[in-house]
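> One point on numbering: in our numbering, the residue at position 3 of the sequence shown is 334, and numbering is uninterrupted.
Yeah, the Cβ is synthetic: ideal placement off N, Cα and C, and Gly gets one too.
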Amino acid sequence: MVYTIEEISDRLEIHDLFARYVHAVDERDLSPLESIFIPSTTFDWSAGGGMVTTWEDAKKGDFLTGKLFPYVFHICTNIIIDFDADKNGATLKIKTIHPTGLEGPDGPLLFQVQGVYVDRLKRTIKGWRITERVWRDYWATGPLGIVDGIPGMLKLAGKALPGM
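See the structure below:
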C-alpha cells in the first residue's frame with residue numbers, strides 16, 4: 332500500500348493523539364484530554380461490565396480520574412487505522428494490556444485487563460478528535476500480588492542471583 336503525504340501526516344497525528352491519551356490517563360493529568368475528546372464523545376465500557384457515558388460526565392467521575400483505580404498503566408500495540416472514504420473520519424483499533432489495581436481492605440489488589448479499544452475519530456479544524464470509544468474483547472486476570480522487585484520475583488520462583 333502506498334500512502335500519500337497527507338495520509339502519512341494523518342496517521343502520525345492519530346498515533347500521537349492516542350499516545351497523548353495513554354500518558355495523560357496513566358499520569359493522572361486530565362487536561363490534555365480536552366484536546367483529544369469532544370464534549371459529546373461517548374465511552375462504552377459495557378463489555379467489561381462498565382458504564383456507557385460521555386466525556387463530559389466521565390471527567391467528573393471516579394473512573395478516568397484515578398479515584399477508583401489508583402494503579403494504572405496502558406500497554407498498547409497492533410494499531411490499525413481505517414479511514415472513511417471522505418478522509419474526514421477514521422476507525423482506530425488498538426490491542427491493549429492494562430495492568431491496573433484497586434486499594435483492597437488488606438492492601439493493593441492488582442489485575443491485568445486485556446481488550447481492544449475501537450475508537451471513531453473525526454477531523455476537526457483543531458485536528459483529529461475521538462468521538463466514540465468502545466472497549467471490546469475484554470477479559471481480566473487477578474488479583475495479583477506485589478513483589479519486591481527482582482529479588483521478590485526470584486524468591487517466589489525459588490531462585491536467587493549470585494550475591495543476592
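Which term fits Ala421, buried or exposed, when burial requires 16 or more other beta carbons within 10 angstroms of its beta carbon?
Your numbering for residue 421 matches position 90 in the sequence shown. Looking at its Cβ environment, which holds 16 or more other Cβ atoms inside 10 Å, Ala421 is buried.
> For Arg460, which residues does DSSP report across the bridge?
One-based indexing of the sequence shown puts residue 460 at position 129. Partner(s): Lys453.
> Would you kindly work out how many angstroms separate the C-alpha atoms of Tyr469 and Gly494, rounded to a whole number?
Indexing the sequence shown from 1 puts residue 469 at position 138. Indexing the sequence shown from 1 puts residue 494 at position 163. Going from the Cα of Tyr469 to the Cα of Gly494 covers about 42 angstroms.
> Is the beta carbon of Ile367 sitting closer than 9 angstroms to the one on Arg467?
Start at 1 with the first residue of the sequence shown, and residue 367 comes out as number 36. Start at 1 with the first residue of the sequence shown, and residue 467 comes out as number 136. No.
> What residue from Val333, Gly476 and Val444 has the CA that sits closest to Val378's CA?
Mapped onto the sequence shown, residue 378 falls at position 47. The sequence shown places Ala at residue 378, not Val. Checked all of Val333, Gly476 and Val444; the closest Cα to Ala378 is Val444.
> Please return the same chain residues whose Cβ sits closer than 6 angstroms to the Cβ of Val511, not counting the five positions on each side in sequence.
The structure shown does not extend to residue 511, since the chain is modelled only from 332 to 495, so the question has no answer here.
> Check the C-beta distance from Phe374 over to Val383 and give it rounded, since I have them as a contact under 8 angstroms.
On the sequence shown, residue 374 is found 43 positions in, with the first residue counted as 1. On the sequence shown, residue 383 is found 52 positions in, with the first residue counted as 1. Indeed, because the Cβ distance is near 7 angstroms, the residues count as touching under 8 angstroms.
> According to DSSP, what are the bridge partners of Arg467?
The count along the sequence shown starts at 1 and reaches residue 467 at position 136. Paired residue(s): Val447.
> Can you tell me whether His346 is helix, strand or coil according to DSSP?
As a working mapping, residue 346 is identified with position 15 in the sequence shown. Note: His346 maps to helix in three-state DSSP.
> Relative to the C-alpha of Thr462, which candidate in Phe349, Leu343, Leu492 and Ser340 has its C-alpha closest?
Mapped onto the sequence shown, residue 462 falls at position 131. Residue Phe349 is the option with its Cα nearest to Thr462.
> Just how far apart, CA to CA, sit Lys391 and Val447?
Numbered from its first residue, the sequence shown carries residue 391 at position 60. Numbered from its first residue, the sequence shown carries residue 447 at position 116. The straight-line gap from Cα to Cα measures roughly 24 angstroms.
> Excluding five sequence neighbours on each side, which residues of the same chain lie with their C-beta closer than 7 angstroms to the C-beta of Ile428?
The count along the sequence shown starts at 1 and reaches residue 428 at position 97. Same-chain partners within the cutoff: Ile406, Gln443 and Gln445.
> From the DSSP output, in three-state form, read off Gly380 for me.
Residue mapping note: residue 380 aligns to position 49 of the sequence shown, counting from 1. Coil.
> Which residue from Pro430, Lys453, Ile411 and Val333 puts its Cα closest to that of Asp417?
Position 86 of the sequence shown, counted from the start, is the residue given in the question as residue 417. Checking every option, the nearest Cα to that of Asp417 belongs to Lys453.
> Given that a residue counts as buried once 16 or more other Cβ atoms are within 10 Å of its Cβ, and exposed if not, what is Ala488?
Taking the first residue of the sequence shown as 1, we reach residue 488 at position 157. Around the beta carbon of Ala488, fewer than 16 other beta carbons sit within 10 angstroms, so the residue counts as exposed.
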